[in-house]
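Written below as structure tokens is the structure these notes are about.
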Amino acid sequence: MIPNVRRNAWIAKERSITVANGLTQDESAAIQLYTMEWIPSDQSFYIHINTALREANRDKLIPFLSYLKLVLTALWKLPSMKTTVWSGVKGDLSTQYPIGKDSCSESRQFLEQEKFLGKTGVKTLFRIECETGKSIRAHSYCKTEDEILLLPATRMRVISQMDSSNGAVVIHLKEIKSPFPLLQSPFT
């Protein structure tokens, strides 16, 4: 299914001997596995699970259900953060995010590093005002990144769009509450 998943899960668990935030070793390792960059990078675990999460066919999630239960339990244990986070992709996605549409690192400069989006070329940066972001730095494979995860089913509204001077389109999103919970706490 996913090359080297058992090997990398073992590495993540070995690196999660000392855990923080009241997480178990397995919960911390689940977050670490998500943040690992594999070679080749298109085989990284997060690529596979994010692809499955975006699929209309929910059966694609079946192989990931045990992992999702573990990682979501871990994320629910982490305190929520009200902060602004940045995310980005290469290319201009502004037509997919009209103002008013409902629909992440803490640092924009982090995304401008060459290994991510670079300083030149067309790209889309998302400025996200989140209410329930989860800081995973203490559990990340790369401890120097201030990565913030947003839970699946987090709803966003497009607030604005602007073109910046360096070829980037900046789309401002704000987390909005759903009238009904779209994701239940594993503790209820």
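All you need for our numbering is the position in the sequence shown, starting with 1, plus 7.
Glycine is no exception: its CB is placed at the ideal position from the N, C-alpha and C atoms.
Please read these numbers as outputs of a predicted model, since none were measured by experiment.
Asked	Found
Segment limits, beta strand (DSSP E) that includes residue 133	130-142
Three or more C-beta pairs below 8 Å linking the region 137-146 and the region 154-165	yes
Secondary structure of residue 34, DSSP reduced to three states	helix
Test item: CB-CB of residue 163 and residue 180 under 7 Å	yes
Cβ-based burial, residue 58 [other Cβ within 10 Å; buried from 16]	exposed
Inter-residue spacing [alpha-carbon to alpha-carbon] between residue 103 and residue 94	15 Å
Cβ neighbour criterion (16 or more within 10 Å) applied to residue 189	exposed
Bridge-paired residues (DSSP) for residue 26	Residue 26 pairs with nothing; no bridge assigned.
Integer-rounded CB distance, given that residue 100 should sit under 8 Å from residue 131	4 Å
Completely contained beta strand (DSSP E) runs for the region 54-106, where each covers 3 or more residues	87-97
Straight-line gap, residue 192 to residue 79 (C-alpha atoms, nearest Å)	8 Å
Start and end residues, alpha helix (DSSP H) containing residue 182	Run containing residue 182: none in the alpha helix (DSSP H); it sits in the beta strand (DSSP E), 175-183.
Sequence-distant residues of the same chain with beta carbon closer than 7 Å to residue 44, five excluded per side	51
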